[in-house]
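Using my numbering, you'd call the opening residue of the sequence shown number 66 and step up by one each time. Every residue, glycine too, gets a C-beta built ideally from N, C-alpha and C. Data block below; observations after.
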Amino acid sequence: MKARVLVTLKSAVLDPQGKAIEGALRSLGVPGVGSVRQGKVFDVELDGGDRAKAEATLKDACEKLLANTVIETYRIEFVG
66 MKARVLVTLK SAVLDPQGKA IEGALRSLGV PGVGSVRQGK VFDVELDGGD RAKAEATLKD
126 ACEKLLANTV IETYRIEFVG
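Pasting the structure below:
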């Protein structure tokens, strides 16, 4: 089973890297960029076919390692 975990800063947290990317895109002349928020993506392959168990495992991984839940949120998507 394949899953994707998306980790982003909470909306109330400033994102200096996103602001830097936003400024760089504008200086490169990329049109229509309103704002940029930077994040992380983890593609994970899990053994077994039990989706509920896989989701519980991934939530545990996010809480322990993949996301700093004080300043970040995460979303789990199952692929395929």
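Put simply, the backbone Cα of MET66 is about 5 Å away from that of LEU111.
Ranked by how close their Cα comes to the Cα of PRO81, the residues GLY145, ARG102, THR134 have ARG102 in first place. According to the DSSP assignment, ILE141 belongs to the beta strand (DSSP E) that extends over 137 to 144.
In the DSSP assignment, the residues bridged to THR73 are GLY104, THR138. Checking the DSSP bridge columns, you'll see VAL109 partnered with ALA68.
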